[in-house]
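J.: First the structure, then my questions, so here it is.
Residue numbers (my numbering): 150 to 240.
Here's what the structure looks like:
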């Protein structure tokens, strides 16, 4: 069973705050109520600030963490799914 959760390609990583801000901006474009628009804009500003805070306060990745990260992004996940090497479709 295939599931599309609007994930971007594995080679194009997104952080949670970036994804959340993008989704809130999509909702903002659909909204017609100025009061709701103001609250949504406040949420977007908060989430965008959170990204900066997390980047500034997080420690650097250890070498083993960086190896795991780069190895993960190098993996041909779509091909692995198509050939049955993984059961999760990361497209």
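Each residue gets a CB set at the ideal place from its N, CA and C atoms; glycine is no exception.
This one's a predicted model, so the numbers in the text were calculated from it and none came from an experiment.
Could you tell me which of 234, 204, 193 and 208 sits nearest to residue 176, measuring between CA atoms?
T.: Measuring from the Cα of residue 176, the nearest candidate turns out to be 193.
J.: Would DSSP call residue 221 helix, strand or coil?
T.: In this structure, residue 221 counts as helix in the three-state DSSP scheme.
J.: Any idea what DSSP makes of residue 205, helix, strand or coil?
T.: Note: residue 205 maps to helix in three-state DSSP.
J.: So the alpha helix (DSSP H) residue 165 belongs to, where does it begin and stop?
T.: 165-179 is the span of the alpha helix (DSSP H), which, as asked, contains residue 165.
J.: Thinking just about the alpha-carbon of each residue, which of 199, 210, 174 and 236 is nearest to the one in residue 189?
T.: Measuring from the Cα of residue 189, the nearest candidate turns out to be 174.
J.: Which same chain residues, not among the five before or five after residue 186, have their C-beta less than 7 Å away from its C-beta?
T.: Hits under 7 Å: 177 and 180.
J.: Who are the near neighbours of residue 110 in its chain, counting only those whose CB is closer than 6 Å to its CB and skipping five residues on each side?
T.: Within the shown structure, residues of the chain are numbered from 150 to 240, placing residue 110 beyond reach of any answer.
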